[in-house]
Amino acid sequence: MATKPSSSPGLLKLKEQLTCPVCLDHYTNPKTLPCHHSFCEHCLEGLPLDEKNETYYLSCPTCRHCTELPEEGAGAFPVAFHLNNLKEIYSTMEKTATLPNPQEATCSDHGKPLELFCETCNTVICVSCSVRNHKHHEYDLITDSYSKHCQKLRECLLPVERKKEALKKVLSALAEREGEIRERGEGVLEEIHEMVDEMIAVLRESERKLAEQAKRVTDDKLKV
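Each residue of the sequence shown is one higher than the last, beginning at 1 in UniProt numbering.
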């Protein structure tokens, strides 16, 4: 029987990596921001912008990092080549994962079992196809091809997972640092309020003493 792509852990993992967090669909022309998070170009173009001194900035939807928008627009951000490579791998694995058993699927041209996968044409073929229409092409058994692409997928995902973990640590450190700064800022504000209250109290006391002194001087002059 055919294996649904959604039932394959490898494909599920890969599909998650290929889903844009903004549109929740597969990446389209993915671009990478300086914070290393990637989004579709059209998703970046739809983000709200902040203008400061005639310069536009956008906030990363994932980490909220503020990034200056290039004059050429979102299309000028670096291309996420690793995601494009993963998209190609996903497309190939999806085709092989949805294939019926070789005994059930036959070639429409030769009537023989579809048991080979042509890497050159990215399609399934039979033995007769391999010596006719796909001669000199690179092909392999479907099962071997699937295993090979799974291994390639794991190799591609490894640096992505490492970068993801590194980013988590950076974001955690930034959040902790932000908390410390906020706490310190609140402490400084409290000190300022206390200082102002003390100064006001001193001024009011001085005002009271000066008023009393002025009253005494006035009273003394009136007595004379």
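For glycine and all other residues, C-beta sits at the position ideal for the given N, C-alpha and C.
Quiz item: What is the residue span of the alpha helix (DSSP H) that V131 lies within?
Solution: Here the question's residue 131 lines up with position 131 in the sequence shown. Counting along the chain, the alpha helix (DSSP H) containing V131 begins and ends at 127-131.
Quiz prompt | beta strand (DSSP E) runs contained entirely in the stretch 24-89, provided each spans 3 or more residues | solution = 30-32, 38-40, 49-52, 55-59, 66-68
Practice problem: Just confirm the distance between the C-beta atoms of L167 and H65, as a whole number of angstroms; I'd bet it's less than 8 Å. | Solution: The count along the sequence shown starts at 1 and reaches residue 167 at position 167. The count along the sequence shown starts at 1 and reaches residue 65 at position 65. For a cut-off of 8 Å, the C-beta gap from L167 to H65 is around 11 Å, too long to register as a contact.
Self-check item: Straight-line Cα distance separating E41 from N29
Solution: The residue given as residue 29 occupies position 29 in the sequence shown. The residue given as residue 41 occupies position 41 in the sequence shown. Between N29 and E41, the C-alpha separation is close to 6 Å.
Self-check item: Euclidean distance between Cα positions of A131 and S145
Solution: Counting from one through the sequence shown, the residue named residue 131 turns up at place 131. Counting from one through the sequence shown, the residue named residue 145 turns up at place 145. Residue 131 is actually Val in this sequence, not Ala. Looking at the two C-alpha atoms, the distance is approximately 18 Å.
Quiz item: What is the DSSP secondary structure of L141, reduced to helix, strand or coil?
Solution: For this step, residue 141 is matched to residue 141 along the sequence shown. The answer is strand: DSSP assigns L141 an E or B state.
Exercise. Report the rounded CA-to-CA distance for K169 versus N133, giving the unit in angstroms.
Key: Walking along the sequence shown from the start, residue 169 turns up at place 169. Walking along the sequence shown from the start, residue 133 turns up at place 133. Straight-line Cα distance between these residues: approximately 52 Å.
Exercise. Reducing DSSP to helix, strand and coil, say where C156 ends up.
Key: For the purposes of this step, residue 156 is taken as residue 156 along the sequence shown, with counting starting at 1. It is helical.
Practice problem: Compute the distance between the beta-carbons of N85 and C20, then report whether it is under 8 Å. | Solution: Here residue 85 refers to the residue found at position 85 when the sequence shown is read from its first residue. Here residue 20 refers to the residue found at position 20 when the sequence shown is read from its first residue. The answer is no: Cβ separation not under 8 Å.
Exercise. Can you give me the Cβ contacts of E45 inside the same chain, cut-off strictly under 6 Å, excluding the 5 residues immediately before and after it?
Key: Locating residue 45 in the sequence shown gives position 45, counting from the first residue. Cβ within range, chain order: A74.
Quiz item: Which residues mark the beginning and the end of the beta strand (DSSP E) in which C118 is found?
Solution: The residue given as residue 118 occupies position 118 in the sequence shown. 116-118 is the span of the beta strand (DSSP E), which, as asked, contains C118.
Quiz item: Tell me the DSSP bridge mates of V124?
Solution: Here residue 124 refers to the residue found at position 124 when the sequence shown is read from its first residue. V124 pairs with F117.
Quiz item: Using the beta-carbon count (16 or more within 10 Å), is F39 buried or exposed?
Solution: In the sequence shown, the residue the question calls residue 39 occupies position 39. Result: buried.
Quiz item: From K112, K15, F77, pick the residue whose C-alpha is nearest to that of V89; which is it?
Solution: Mapped onto the sequence shown, residue 89 falls at position 89. According to the sequence as given, residue 89 is Ile; it is not Val. Comparing Cα-Cα distances from I89 to each of K112, K15, F77, the minimum goes to K15.
Practice problem: Count the other C-beta atoms from every protein chain shown that fall within 10 angstroms of the C-beta of E115, then say buried if there are 16 or more, exposed otherwise. | Solution: For the purposes of this step, residue 115 is taken as residue 115 along the sequence shown, with counting starting at 1. When all chains shown are included, E115 counts as buried.
Quiz item: If we count the other Cβ atoms within 10 Å of its Cβ and call it buried at 16 or more, is E190 buried or exposed?
Solution: In the sequence shown, the residue the question calls residue 190 occupies position 190. By the 10 Å Cβ count, E190 comes out exposed.
Quiz item: Between L33, V79, R182, E207, which lies nearest to T67 when the distance is taken from Cα to Cα?
Solution: For the purposes of this step, residue 67 is taken as the residue at position 67 of the sequence shown. Comparing Cα positions, the closest option is L33.
Quiz item: When you compare each of T62, P61, A80, E54 to P70 by their alpha carbons, which one comes out closest?
Solution: Within the sequence shown, the letter at position 70 stands for residue 70. Checked all of T62, P61, A80, E54; the closest Cα to P70 is E54.
Quiz item: So, using beta-carbon positions, are C129 and P113 closer together than 8 Å?
Solution: As a working note, residue 129 is residue 129 in the sequence shown. As a working note, residue 113 is residue 113 in the sequence shown. No, the Cβ-Cβ distance between C129 and P113 is not below 8 Å.
Practice problem: Assign Q151 to buried or exposed, taking buried as 16 or more other Cβ atoms, counted over all protein chains shown, within 10 Å of its Cβ. | Solution: In the sequence shown, residue 151 corresponds to position 151, counting from 1. Under this definition Q151 is an exposed residue.
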